[in-house]
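In what follows, a single structure is set out as structure tokens and then discussed.
In full-length UniProt numbering, the protein residues as written are 1 to 160.
Structure representation (structure tokens):
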């Protein structure tokens, strides 16, 4: 099986390594793995089945493409003004967030993004860049909701 092999297998190459996450036993802190994973006591690897990208445009499309190559389903979020945008069409599923808000505020509306993730079986949320990628409260909200955050732990984001 290649990068898009059966559930439970890991993707190969740089994209596969960047999208694998490790989850320590008994905790929810996540680490992005950039190289071949090292076996560490107390760490288990759980495959991703569905990733939500909390961003729009080219960055969302790139994450969707990498996920598709790895056999991971994708979820887009969009504002009312972005209904016809390409990122919405490239995802396997797409959901409206921030109803009644301008686009920037819609993509920053943490409760809606978490709700979409929980209601639709999302394993992990990729923040993209800008918007929520530098917000420790978003990383913490993901962890509190039981959804993996593709990025540094909240403590690290706070220090940035």
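Virtual Cβ for every residue (Gly too), placed ideally from N, Cα, C.
Kindly indicate which residue of 145, 87, 146, 127 has the alpha-carbon position closest to the one of residue 157.
-> On the chain shown, position 157 is the one that residue 157 refers to. Ranking 145, 87, 146, 127 by Cα distance to residue 157 puts 127 first.
Thinking C-beta only, is residue 139 closer than 8 Å to residue 151?
-> Looking up residue 151 in the chain shown gives position 151. Looking up residue 139 in the chain shown gives position 139. Result yes, Cβ atoms of residue 151 and residue 139 sit closer than 8 Å.
Ordered list of beta strand (DSSP E) runs contained in the segment 69 to 126, each at least 3 residues = 73 to 78, 93 to 96, 124 to 126
Cβ-based burial, residue 123 [other Cβ within 10 Å; buried from 16] = In the chain shown, the residue the question calls residue 123 occupies position 123. Answer is buried; the Cβ neighbour count reaches 16.
Buried or exposed for residue 129, please, with buried defined as at least 16 other CB atoms from any protein chain shown within 10 angstroms of its CB.
-> Sequence index remark: in the chain shown, residue 129 carries index 129 (1-based). Residue 129 is exposed by the Cβ-count criterion.
Cβ pair residue 96, residue 109 closer than 8 Å | For the purposes of this step, residue 96 is identified with residue 96 of the chain shown, where counting begins at 1. For the purposes of this step, residue 109 is identified with residue 109 of the chain shown, where counting begins at 1. For residue 96 and residue 109, no; Cβs fall outside 8 Å.
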